[in-house]
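The sequence shown begins at 1 in UniProt numbering and counts up one residue at a time. A virtual CB, placed ideally from N, CA and C, is assigned to each residue, including glycine. Reviewing the structure listed below.
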Amino acid sequence: MESLTKNRQDPATLHAMIVRAYGVDRAPDPAGDWCTELGHGWFNVAYRIRLRDGAEVVLKIAPPPAVEVMTYERGAMATELAALRLIREHTDVPVPAVDHADTSRNLCDADWFVMPFIAGDNLGMLRDRLTAAESDAYQEQLGAVTARLNAVRGTAFGPLTGPGVPTWRAAFTAMIDSVLADGERRAVGLGRPYSAIRTLISDNAACLDDVTEPRLVEWDLWDNNAMVRDGRIVAIIDHERAFWGDPLIEAGFTGLELPAFGDSQPFTRGYGHPPLTRAERVRRRLYGLYLTLIMAVEIDYRKLPGADHHAWVHARLAEALTRLDG
1 MESLTKNRQD PATLHAMIVR AYGVDRAPDP AGDWCTELGH GWFNVAYRIR
51 LRDGAEVVLK IAPPPAVEVM TYERGAMATE LAALRLIREH TDVPVPAVDH
101 ADTSRNLCDA DWFVMPFIAG DNLGMLRDRL TAAESDAYQE QLGAVTARLN
151 AVRGTAFGPL TGPGVPTWRA AFTAMIDSVL ADGERRAVGL GRPYSAIRTL
201 ISDNAACLDD VTEPRLVEWD LWDNNAMVRD GRIVAIIDHE RAFWGDPLIE
251 AGFTGLELPA FGDSQPFTRG YGHPPLTRAE RVRRRLYGLY LTLIMAVEID
301 YRKLPGADHH AWVHARLAEA LTRLDG
């Protein structure tokens, strides 16, 4: 996937990174065929690299500092590293180990880290080949995995790397307002005046006060961020959008109020979540608005191509706004 945020590096720089992470004895022969870009991500660039001893690893590099990213994306790699630590320390959810992380920026202009390559299929790329029963089974597994992640408790709402705030209403309204501010900065058209959208959010925000305990939220756990093998999820990847918040904001619940994102019932069964209350439905509608606002604004920030994609995103944004109107 093409995006301005992908910070590609030349082979010499990539090789120097691998030498730093694994030592010269394990680094591949620079003249060999040892590096392939993994192209399915939207934000960071990632490379699959074969070491001299045959082991395979993944190198992820944060966006270049000169590229303007959305407010919620700042410090994303630090967030991912914090999430990986929390998940490994407090759950049994399978995630890659971090072999080496580097924030010195003296080999390239951004932070980077390396981890073992996970052998398996990306669930998002496998989706079209699955039967309905197989797809439902994977969604139930995603629900169960997400519930285990959400069981990790925090002390404040907001970024994993801090600072946090004491209430979810304060954290979430700041999060969604930052997206609106990003859109205003680029004069992104959202189909309604920004002031009207802010009023709509304020009019529906009281339900956020029902959330009183910060939980670890992955938020971006779509099919594309699950690796599967032999019918089981063997790892979840790409944790840079995690935060302390309300578990109901998780990606798997999105279809409950925005059906175009897919059927959420198998996920909900696997998660073990009961039918939503009226207040929970309003929260889900706010979270759907947050997601679709990001999708609409990021088109400009990343210069994402595709007229069909643009039209689909703006249709979903209009739907999210309409669902909050009533």
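Around the Cβ of Asp246, a 10 Å sphere holds 16 or more other Cβ atoms; the residue is buried. Here the alpha carbon of Met70 sits roughly 15 Å from the alpha carbon of Ala242. Straight-line measurement puts the Cα of Asn122 at about 9 Å from the Cα of Arg229.
Contact between Val58 and Ala76 fails: their C-beta atoms lie close to 16 Å from each other, not under 8 Å. If you draw a 10 Å sphere on the C-beta of Lys303, you find fewer than 16 other C-beta atoms in it, and that means exposed. Of all C-beta pairs linking the segment 260-278 to the segment 103-112, fewer than three are shorter than 8 Å, placing the two stretches out of contact.
In the DSSP assignment, Ile118 falls outside any alpha helix (DSSP H), carrying neither H nor E. For Glu240, there is no enclosing beta strand (DSSP E), since its DSSP letter is neither H nor E. Looking at the DSSP output, Ala101 bridges to Phe113. Between Ile201 and Leu286, the C-beta gap is smaller than 8 Å, which places the two residues in contact. Pairing Gly231 with Gly54, the inter-Cα distance amounts to about 26 Å. Per DSSP, the beta bridge partners of Lys60 are Ala46, Phe113. Beta bridge pairing from DSSP links Phe157 with Val165.
Boundaries of the beta strand (DSSP E) around Leu38: 35-38. For the pair of segments examined, the segment 210-227 was found to touch the segment 115-130: the number of CB pairs separated by less than 8 Å reaches three. Using a C-beta cut-off of 8 Å, the segment 207-223 makes contact with the segment 278-285, since at least three inter-stretch Cβ pairs fall below that distance. Cα atoms of Met175 and Pro64: separation of roughly 23 Å, rounded to the nearest angstrom. A residue is called buried when at least 16 other Cβ atoms come within 10 angstroms of its Cβ; Val179 meets this threshold and is buried.
For Met70, no beta strand (DSSP E) run applies, since DSSP gives it neither H nor E.
Taking all protein chains shown into account, Thr212 has fewer than 16 neighbouring C-beta atoms within 10 Å of its C-beta and is therefore exposed. Contact between the segment 72-87 and the segment 184-196 is absent: fewer than 3 CB-CB pairs across the two stretches fall below 8 Å. By the criterion of a C-beta distance shorter than 7 Å, Ala83 is surrounded in its chain by Leu160, His239, Ala242, once the five residues flanking it on both sides are discounted. A contact is defined here as three or more CB-CB pairs under 8 Å, and the segment 144-152 fails this definition with respect to the segment 255-263. Collapsing the DSSP output to three states places Leu216 in a strand. Going by C-alpha positions, Thr91 is about 10 Å away from Val145.
Assignment of Arg229 by DSSP, reduced to helix, strand and coil, places it in the strand class.
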